[in-house]
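What follows is one structure encoded as structure tokens, with my remarks underneath.
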Amino acid sequence: MNHDPIKRLEHDHVHLSDQVNHLRDWIQQVLREEVAPEHLEPKFTATLIQLRDELFHHFAREEEGLFPFIIAQLPSLAEAIGSLESAHDRVCGSVSRMTYLAQQGPVVFSEQFEQMVALFARFDANYGKHARSESELLRTLAEQLNHQQREELYQILQEL
Ligand SMILES: [Fe+2]
Ligand SMILES: [Fe+2]
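In the numbering used here, the protein residues as written are 1001 to 1160.
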């Protein structure tokens, strides 16, 4: 078997990133005045709620399965894992605030659109940085694991 743990993690991140890309494109459409914010609100809110739920799930699975496995294999990576966990909290913080704002309805969504843009910009930057850091850490880790450990890592990632 030749299961690649990195490809597995990136597959999950691509799925999450697709939704982030939709939100970014829609915000750009409003900023270019192609769409009114109140018309964007229903699909933006629906996608945001789905993204929030999938992020919470993804992060919880990483913290329950992936991170303890990494620390058990390579205890020297504990500090790096701590930064990834802090990044989870930052990303969850901004996605929760965006969801709260979006759920106030189309009028508030429209009135507070600038606030949404600012929250999204921070979310987008933190999410992108986090996904890259995590892939890099996993790449470093995978190089140091033997065949059996790589398979174990692949199984953990498959369950994320
Ligand atoms: Fe993560
Ligand atoms: Fe992740």
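Cβ coordinates follow ideal geometry from the N, Cα and C atoms, glycine included. Only a predicted model underlies this, so the values are computations on that prediction, with no experimental measurement involved.
Excluding its 5 nearest sequence neighbours in each direction, residue 1026 has C-beta neighbours in its own chain below 6 Å: 1040, 1044, listed in chain order.
If you draw a straight line from the Cα of residue 1014 to the Cα of residue 1150, it comes to about 21 Å. Within its own chain, the residues whose Cβ lies closer than 8 Å to the Cβ of residue 1135, once the five positions on either side in sequence are excluded, are 1006, 1009, 1010, 1013, listed in chain order.
Annotation for residue 1156: 1065, 1066, 1069 place their beta carbon closer than 7 Å to its own, counting only its chain and skipping 5 residues before and after. Nearest to residue 1058 by alpha-carbon distance, out of 1091, 1034, 1104, is 1091. Rounded to whole angstroms, residue 1018 and residue 1042 show a C-alpha spacing of 18 Å. By the 16-neighbour rule on beta-carbons within 10 angstroms, residue 1075 is exposed.
Here residue 1086 is exposed: its Cβ has fewer than 16 other Cβ atoms, across all protein chains shown, within 10 Å. The closest heavy atom of ligand 2 lies less than 8 Å from the beta carbon of residue 1059. Taking 8 Å as the cut-off, one finds no heavy atom of ligand 2 near enough to the beta carbon of residue 1080. Per the coordinates, the alpha-carbon of residue 1022 lies some 12 Å from the alpha-carbon of residue 1046. Take residue 1061, set aside five residues on each side of it, and the residues of its chain with a beta-carbon closer than 6 Å to its own are 1160, in chain order.
Cβ contact annotation for residue 1138 (same chain, cutoff 7 Å, sequence separation greater than five): 1005, 1006, 1009, in chain order. In terms of Cα proximity to residue 1083, the closest of 1131, 1116, 1052, 1124 is 1131.
Nearest neighbour of residue 1089 by Cα position, chosen from 1127, 1133, 1034, turns out to be 1127.
Closest in alpha carbon position to residue 1033, among 1125, 1053, 1113, is 1113.
For the pair residue 1109 and residue 1096, the Cα-to-Cα distance works out to about 15 Å.
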